[in-house]
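Residue 107 in my numbering is what sits at position 44 of the sequence shown, and the numbering runs on without skipping anything. We treat Cβ as the ideally placed atom computed from N, Cα and C, and that holds for glycine. Remember, predicted model here, so these are calculated numbers, not experimental data. Note sheet for the following structure.
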Amino acid sequence: MTQTSSPTATSARHTRSAPMRRAWIVVGLLVVFMLINHADKSVIAFAGVQIQKDLGLSPQEFGVIQSSFFWLFAVGALFFGWLSSKVSLRWLMAGLMLT
64 MTQTSSPTAT SARHTRSAPM RRAWIVVGLL VVFMLINHAD KSVIAFAGVQ IQKDLGLSPQ
124 EFGVIQSSFF WLFAVGALFF GWLSSKVSLR WLMAGLMLT
């Protein structure tokens, strides 16, 4: 005994799979963008020795500068998270692209 799928079941499966495929593509792109976004923060650590030499910084001074960058980034994330609930996201994104 063989089973055949009805045309409506097959077409329903295809119509559901197209949005899911697009959703996974968006997720993949977001992961790539987040990796790029965090790479600029990590590359400073790799270039730390050269930056210290160029600017004449001690390891402690470089550590304070790097720590303050991450703390300010965290505070900025909280602020812009709050701001995103108060302002239209379209205007917020436009402003962030310009700065």
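Item                                                                                                                               : Value
Report the rounded CA-to-CA distance for Q115 versus F109, giving the unit in angstroms.                                           : 11 Å
Can you find at least 3 beta carbon pairs, one from the segment 129-139 and one from the segment 95-102, that sit closer than 8 Å? : no
Rounded to a whole number of angstroms, what is the C-alpha to C-alpha distance between S80 and G139?                              : 38 Å
Ends of the alpha helix (DSSP H) at A157?                                                                                          : L152 to L161
Would you kindly check if the distance between the Cβ of L161 and the Cβ of L155 is under 8 Å?                                     : no
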